Amino acid sequence: MTTATLVPMFAALGDETRWSILAALGEGDASASALAGRLPVTRQAIAKHLAVLQQVGLVEPFRVGREVRYRVVGSQLSETARRLDAIGAEWDRRLAVIKEIAEGR
1 MTTATLVPMF
11 AALGDETRWS
21 ILAALGEGDA
31 SASALAGRLP
41 VTRQAIAKHL
51 AVLQQVGLVE
61 PFRVGREVRY
71 RVVGSQLSET
81 ARRLDAIGAE
91 WDRRLAVIKE
101 IAEGR
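Throughout the sequence shown, residue numbering follows the UniProt record's numbering, covering 1 to 105 in sequence.
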């Protein structure tokens, strides 16, 4: 996963409604209509937000009869979490070096 992949993903997650949609889908697969019934957003707005989440690879649609439902792509979220952990570990390492220098060790 590259920075070019992460930036659009974080931009997508930076929207409160998209975050709420992703959290709702984390509880179970749902259609845009079902999500609109759970969230204070119209079905059309939900569909637009789902398109953004799909574009960055966080959700995927699938058919159940005539209904299109969406599910979270867990592998994308796991990979993103691993990248954030790596960034956090690097910052921890740098801060430890700064601390050593500041304490004169």
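Using N, Cα and C, we set each Cβ at its ideal position, and we do this for glycine too. Since the model is a prediction, treat every value here as computed from it, not as a measurement.
Please list the terminal residues of the continuous alpha helix (DSSP H) segment that includes residue i.
i: Glu16; result: 16-26
i: Arg69; result: Not the alpha helix (DSSP H): Arg69 falls in the beta strand (DSSP E), residues 67-72.
i: Val52; result: 43-55
i: Gly37; result: 32-38
If contacts are defined as beta-carbon pairs under 8 Å, then residue i and residue j qualify, I think. What distance do you get, rounded to the angstrom?
i: Leu39; j: Ile21; result: 7 Å
i: Ser31; j: Arg69; result: 5 Å
Grab the span of the beta strand (DSSP E) containing residue i for me, first residue to last.
i: Glu60; result: 59-64
Determine the contact status of residue i and residue j, defining contact as a CB-CB distance below 8 Å.
i: Ala50; j: Val59; result: Checking the sequence, you will find Leu at residue 50 rather than Ala. Yes, the pair counts as a contact, with Cβ atoms nearer than the cut-off.
i: Leu25; j: Arg71; result: yes
Does the Cβ of residue i have 16 or more other Cβ atoms within 10 Å, making it buried, or fewer, making it exposed?
i: Leu53; result: buried
i: Ile101; result: exposed
i: Ala12; result: buried
i: Arg18; result: buried
i: Val56; result: buried
i: Ile46; result: buried
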